[in-house]
Every structure is written in structure tokens, then in C-alpha cells.
Amino acid sequence: MSKESLALFARLSSILVEMPPELLQSVEAYEKRFHQCLENDGIDPVQARIIQLAIDGLWFSEVFQMSVPNEERRAQVVETLLTMTRSLQ
């Protein structure tokens with residue numbers, strides 16, 4: 001991992017530590033509702049969670065410009081994840 005990446009993670013960690021409790025509680029409440037919906041969606045919750053974590057990883061890579069796939073690979077990844085969700089229903 002590069003020095004720049006380590007510095008970025010250090011800054012992000014400090015932001016999370018300093019986050020106002022009411023904002024953190026709001027984020028946690030949203031996450032709880034989101035995961036309840038995911039659990040009750042009618043598809044296997046483990047596979048749904050895997051897909052959700054993959055999408056989160058794609059978002060993270062794009063936001064922080066780390067290991068960003070090219071447009072063609074990104075489209076393939078998204079299409080594969082969409083296909084996975086359809087096959088689980």
C-alpha cells in the first residue's frame with residue numbers, strides 16, 4: 001500500500017473517530033433498516049450480503065480512486081452482480 005493510501009486511511013479513521021454521536025447514530029439506524037430490508041427481501045441473505053459488499057467495494061474504489069476498474073470491466077462487474085440478484089429471486 002502506498003504512503004498516500006495509508007495517509008488517506010489515517011485521515012478517514014480520524015474523521016470517523018471525531019464524528020458527532022448523533023450523526024453516527026443516524027448512519028447506524030439507516031444501516032440497520034437497510035439490512036433488515038435485505039434480510040426480508042426473499043433472497044438468500046448471505047448471497048445478498050455478498051452482492052452488497054461487492055457493490056460497496058466498487059463504490060469505495062471509485063470514491064477513493066483506488067484500484068478502479070476500467071469502464072468495460074466495471075460494466076461487466078455490475079452486469080454480473082445484477083444477474084446474480086435476478087437468479088436469486
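Residue numbering for the sequence shown follows my numbering, starting at 1 and increasing by one per position.
All residues carry an ideal CB built from backbone N, CA and C; glycine is no exception.
The model shown is predicted, which means the values in this text are computed figures rather than measured ones.
Burial state of Glu48, where buried means 16 or more other Cβ atoms lie within 10 Å: Counting from one through the sequence shown, the residue named residue 48 turns up at place 48. It is worth fixing the name first, because residue 48 is Ala in this sequence and not Glu. The residue in question, Ala48, is buried, as its Cβ has 16 or more Cβ neighbours within 10 Å.
Assuming the contact rule is C-beta atoms closer than 8 Å, Leu88 and Asp56 should be a hit. Round their C-beta distance to whole Å, please. Here residue 88 corresponds to residue number 88 of the sequence shown, with the count starting at 1. Here residue 56 corresponds to residue number 56 of the sequence shown, with the count starting at 1. Actually they do not touch by this definition, with Cβ atoms about 18 Å apart.
Is Gly57 helix, strand or coil by DSSP? In the sequence shown, counting from the first residue as 1, residue 57 sits at position 57. In the structure shown, Gly57 sits in a helix (DSSP, three-state: H, G or I).
Anticipated Cβ contact below 8 Å, Gln25 with Leu38, distance rounded: The residue labelled residue 25 in the question sits at position 25 within the sequence shown. The residue labelled residue 38 in the question sits at position 38 within the sequence shown. Contact flag wrong, Cβ pair sits at about 20 Å.
Note down the Cα distance separating Val17 from Val27, rounded to an integer number of angstroms. Position 17 of the sequence shown holds residue 17. Position 27 of the sequence shown holds residue 27. Roughly 14 Å separates the two Cα atoms.
Whole-angstrom distance between Met66 and Glu4, CA atom to CA atom: By 1-based counting over the sequence shown, the position of residue 4 is 4. By 1-based counting over the sequence shown, the position of residue 66 is 66. Cα to Cα, the separation comes out at about 11 Å.
Quick test of your reading: Val46 and Leu58, contact by CB under 8 Å. State the CB separation rounded to the nearest angstrom. Working through the sequence shown from its first residue, we reach residue 46 at position 46. Working through the sequence shown from its first residue, we reach residue 58 at position 58. Going by Cβ atoms, the distance from Val46 to Leu58 rounds to 19 Å, so no, they are not a contact pair.
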